[in-house]
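Numbering of the sequence shown is given in the numbering used here, commencing with residue 33 and proceeding in unit increments.
For reference, the structure is listed below as structure tokens.
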Amino acid sequence: MPQKIRVVLSSDHAAIGLRQDIAGYISSKGYDAIDIGPVLPESTAYAPHGQAAAARVISGDCRFGIILCGTGQGIMMAANKMPGIRCGVCSDPFSARMIRQHNDANMLAMGARVVGDALALAIVNAFLDAEFMGGRHAPRVALIEPLAD
Ligand code: RB5
Numbered sequence: 033m034p035q036k037i038r039v040v041l042s043s044d045h046a047a048i049g050l051r052q053d054i055a056g057y058i059s060s061k062g063y064d065a066i067d068i069g070p071v072l073p074e075s076t077a078y079a080p081h082g083q084a085a086a087a088r089v090i091s092g093d094c095r096f097g098i099i100l101c102g103t104g105q106g107i108m109m110a111a112n113k114m115p116g117i118r119c120g121v122c123s124d125p126f127s128a129r130m131i132r133q134h135n136d137a138n139m140l141a142m143g144a145r146v147v148g149d150a151l152a153l154a155i156v157n158a159f160l161d162a163e164f165m166g167g168r169h170a171p172r173v174a175l176i177e178p179l180a181d
């Protein structure tokens, strides 16, 4: 049996319900959803949650990451501080497809206060179904590196 693609999910308190819905949805699509929480609704900072998910992607434990906060912005900024992470915030399926096809994104961020459940699932679909096109995009992606001081 082929190995399932592992997708790590995390969020802050603002997106627990949506994150759990997405985890269930991608499991039903045949992915291995690794939901690293949090579970409790207490207010919590987004950065450590985003970076914990990013660490799973960097280590190779998970192929993709899906991270959520109220807007998606803060958790995306935190994840992108991690070397090797390419994470985009998406509020539409077109952008989600393009960050895979052109930018070889390995993480998707969304805002639970921005997108509704049905739209979020469509965005996830577009992200996971798309593949990096390579070709002229490969050297461009290779230039996304931390600049030396
Ligand atoms: C939490 O209230 C909120 O600031 C957070 O979820 C996120 O939107 C930050 O970018």
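Beta carbons are placed, not taken as given, at the ideal position from N, Cα and C, and that holds for glycine.
Asked                                                                                                                                                                                        : Found
So is the beta-carbon of Tyr-78 under 7 Å away from any non-hydrogen atom of ligand 1?                                                                                                       : yes
Let's test the definition: count the other Cβ atoms within 10 Å of the Cβ of Leu-72 and tell me whether it reaches 16, buried, or not, exposed.                                              : exposed
So, Ala-162 versus Arg-118, is the Cβ gap smaller than 8 Å?                                                                                                                                  : no
Which whole runs of the alpha helix (DSSP H) in the segment 43–100 are 4 residues long or more, in chain order?                                                                              : 48–60, 78–90
Gly-104 lies in the alpha helix (DSSP H); which residues open and close that run?                                                                                                            : Element bounds for Gly-104: n/a, residue is neither H nor E.
Identify, in the order they occur along the chain, each residue of the same chain with its Cβ nearer than 6 Å to the Cβ of Gly-104, setting aside the five sequence neighbours on each side. : Val-121, Ala-141, Met-142, Gly-143
Taking 7 Å as the cut-off, is the C-beta of Gln-133 nearer than that to any heavy atom in ligand 1?                                                                                          : no
Classify Ala-174 as helix, strand or coil using the three-state DSSP reduction.                                                                                                              : helix
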